[in-house]
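Heads up: the sequence shown begins at 58 in this note's numbering, then just goes up one per residue. Beta carbons are placed, not taken as given, at the ideal position from N, Cα and C, and that holds for glycine. As the structure is a prediction and not an experimental result, all values here were calculated from the model. For reference, the structure is listed below as structure tokens.
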Amino acid sequence: MKKNVVVAITGASGIIYGKRAVEALGKTKHKTALVISETAKLIAKEEGVKLPASDYSEKDFFAPFASGSRAPDAMLVIPCSLKTLSAIANGCSDNLISRTAEVCIKEGKKLVLVVRETPLSPIALENCLKLSRIGVIILPACPAFYSKHDRVEDLVNFVVGKALDSLGVENKLYKRWKE
Ligand SMILES: Cc1cc2nc3c(=O)[nH]c(=O)nc-3n(C[C@H](O)[C@H](O)[C@H](O)COP(=O)(O)O)c2cc1C
58 MKKNVVVAIT GASGIIYGKR AVEALGKTKH KTALVISETA KLIAKEEGVK LPASDYSEKD
118 FFAPFASGSR APDAMLVIPC SLKTLSAIAN GCSDNLISRT AEVCIKEGKK LVLVVRETPL
178 SPIALENCLK LSRIGVIILP ACPAFYSKHD RVEDLVNFVV GKALDSLGVE NKLYKRWKE
């Protein structure tokens, strides 16, 4: 089934994860809408990553999927900052990203958060646990090294591939165990 997927890129390190996720989803049958936070745009410059244009600004509450009546099938926040994690966990829907996540939660849609920070404070861990308990997938940006990856790109693809797996989107972005 063709899915409507909202991808949000927020202001955490690892903006390349978001870019790669958009590229990978663009090669599938699924329809993607992209929202990039203002801070993510600044960090993209800092990290030397050229981002695609976003479809909606973070302040556009008139985007269709800001309403439960047009909820997306799935949402991926990649990378997900601790600020956005907290906004989602505490129902503070002050931008389109946290609002769409709120819509996904209330409408029972899939929500995957690729949280990026280290170390994690008890506050961040509590926010992760709170969301995990209601079915939100918390997918820390932790690549595995068992595939003997030797390029940064492989490590990025591993995390993005796992995120797409969680969304229910088939992909061959990474080498699976014993493959
Ligand atoms: C260069 C840079 C790197 C950052 N990296 C992270 C990070 O890895 N994780 C995180 O939670 N916040 C990080 N921050 C802080 C967030 O950008 C900040 O909390 C911001 O309010 C997040 O806003 P947003 O979630 O709306 O994009 C970073 C900030 C800068 C300037």
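Residue range of the unbroken beta strand (DSSP E) whose run includes residue i
i: I100; result: Note, I100: premise wrong, no beta strand (DSSP E); alpha helix (DSSP H) at 95 to 103.
i: C137; result: 131 to 137
i: L170; result: 167 to 172
i: A65; result: 61 to 66
Where the alpha helix (DSSP H) through residue i begins and ends
i: V193; result: It is not in any alpha helix (DSSP H) - V193 carries neither H nor E in the DSSP assignment.
i: N214; result: 209 to 224
i: A81; result: 72 to 83
i: R127; result: Counting along the chain, R127 falls outside any alpha helix (DSSP H), and DSSP gives it neither H nor E.
i: C161; result: 153 to 163
Cα-Cα separation between residue i and residue j, rounded to whole angstroms
i: H87; j: P179; result: 36 Å
i: S114; j: L212; result: 29 Å
i: Y203; j: Y231; result: 11 Å
i: G125; j: C161; result: 8 Å
i: V209; j: T85; result: 23 Å
i: I191; j: S223; result: 15 Å
i: L99; j: K205; result: 33 Å
i: E174; j: K59; result: 32 Å
i: V134; j: K140; result: 12 Å
i: K163; j: D130; result: 12 Å
i: K235; j: K116; result: 45 Å
i: I194; j: S111; result: 24 Å
i: G165; j: L142; result: 18 Å
i: C149; j: T157; result: 11 Å
i: V106; j: E80; result: 13 Å
8 Å contact criterion, which residue i and residue j should meet: CB distance rounded
i: A198; j: V169; result: No, A198 and V169 are not in contact; Cβ-Cβ is about 12 Å, not under 8 Å.
i: G71; j: P136; result: 4 Å
i: A128; j: F122; result: 6 Å
i: I73; j: I93; result: Going by Cβ atoms, the distance from I73 to I93 rounds to 13 Å, so no, they are not a contact pair.
i: A90; j: G68; result: Actually they are not in contact, since the Cβ atoms of A90 and G68 sit about 19 Å apart, beyond 8 Å.
Item to check | Around ligand 1, Cβ to any heavy atom closer than 6 Å, ordered along the chain | outcome: Qualifying residues come out as T67, G68, A69, S70, S94, T96, A97, I100, E103, S138, L139, K140, T141, R173, E174.
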